[in-house]
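As numbered in our numbering, residues 2 to 330 make up the sequence shown, in order. Think of the CB as a built atom: it goes at the ideal place given N, C-alpha and C, for glycine as much as any other residue. Remember, predicted model here, so these are calculated numbers, not experimental data. In what follows, a single structure is set out as structure tokens and then discussed.
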Amino acid sequence: MAAEPQLDAAGSPRKGFVTLFLLVALALGVPAFAQSPASDQARLAAAQGAFDAGHWEEAAKLARGPADQSPDLDFLTGLAQARLQKWDDARLAFDAGFRKSPGDSRFLVELAGIAYKQNDFRNAKTHLHGALRLNPGDSYSREFLATIYFIEGNLEAALKYWNPEGKPRLRSVKVVPPLKLKESLRDRAVAFNALQVLKTEALLATQARLGNLGIFSSQRMQLSPAESGSYDATLHLAERNGWGDSKVEGIVSLLSGLPYATIYPEFYNFRGDAANLSSLARWDPENASCLSSFPCPCTRIPACGCVFTPTSATRIGTWRKLSLARVRR
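As structure tokens, this is what we get:
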């Protein structure tokens, strides 16, 4: 909810007198007074004074009036009812004001705040997108929308609205659990560092590079709020080494083709270089074959710095270690 109402009414040096007079008039039921433009301005000033003083009930009573009252009075009514946590009454007031003033984004922002308080994130996002269409430069709406996406776990969408505000700035970056992957390769795969703003492009590049290494069965990025409005970034990576996530998985993978006279030997992250052996051996008399590949991370991470040993593949100009043999009977 907005901390302070943004109204056009001018203050009055005698708010206490005006408030008392209005309360008496409303109690007696003077319709002509309640509907005149001058009375709207007087009620607005009195309701504003009560709101500023923290008298929410009084502010709501003073601002509530006929259906054709000014949208500023509807806005103040909604704010007062929201402070009282009367969400349905507040929503009705903001809806009424927005119908009278459809170009005023304040009503949509406050409606988003009510939806957020009621854990209705879908409607909150709808209202905030509408507010940004009316007022694209509203940093509060962008921050609010980014926060909702962040809570929902949609970090990429959150960054879309955070980045124009220069957020989120990273205090630290760490990887858990510790990896067997060489630090030089890890640093080249992760495209962001501490004390930088986490950009959408850096997040997507990191996800793609880690996926291309072929040694992570899962990856997850976590942001945790830290002091001074910064964030701690944690990469949760499930690294496959040797025969896979476990020996059992390796055996299952190796022998999964036995009914078809085939085995699939695989080995991951050889010497921490993200070099993975993938092979196939088939002894079917009609189609006996052997196929293996051993790609280097140079094909998957820019400038990984790997040193090649001479092989038949490198001599013919390829950028990976590859051996291939196939025998047919």
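With a cut-off of 8 Å on Cβ pairs, the region 146-165 is in contact with the region 199-213, counting three or more such pairs.
CA-to-CA, the gap between S185 and V174 works out to about 15 Å. Taking 8 Å as the upper bound for CB-CB distance, G79 and A68 are not in contact here, some 15 Å apart. Excluding its 5 nearest sequence neighbours in each direction, F99 has C-beta neighbours in its own chain below 6 Å: F108, listed in chain order. Per DSSP, reduced to three states, the secondary structure at H128 is helical. Across the set R210, N277, K118, the C-alpha of N277 shows the shortest separation from the C-alpha of R241. Taking the Cα positions, P72 is about 10 Å away from D41.
When only Cα atoms are considered, L85 and G66 end up about 18 Å apart. Per the DSSP secondary-structure output, L278 pairs in a beta bridge with F268.
Pairing L133 with N124, the inter-Cα distance amounts to about 14 Å. As computed with DSSP, H237 is found in a beta bridge with V177, R221. Counting along the chain, no alpha helix (DSSP H) covers E228, and no H or E run does either. In this structure, K126 lies near L146, with their beta-carbon atoms less than 8 Å apart. Assignment of G55 by DSSP, reduced to helix, strand and coil, places it in the coil class. Relative to the Cα of N155, the nearest Cα in the group R187, G215, L205, G114 belongs to L205.
Secondary structure note for L80: its alpha helix (DSSP H) is the uninterrupted segment 72-84. By a beta-carbon distance limit of 8 Å, L129 does not contact S140. Their separation comes to about 12 Å. The Cβ atoms of A60 and L77 sit closer than 8 Å to each other.
Look at the region 122-168 and you find these whole runs of alpha helix (DSSP H), each 4 residues long or longer: 122-135, 140-153, 156-163. Taking a 10 Å sphere around the C-beta of V177, we find fewer than 16 other C-beta atoms and assign the residue as exposed. By a beta-carbon distance limit of 8 Å, Y232 does not contact L160. Their separation comes to about 11 Å.
At the C-beta level, L182 and A275 come within 8 Å of one another. Taking 8 Å as the upper bound for CB-CB distance, T207 and F193 are in contact here, some 7 Å apart. Secondary structure of N242 (DSSP, three-state): strand.
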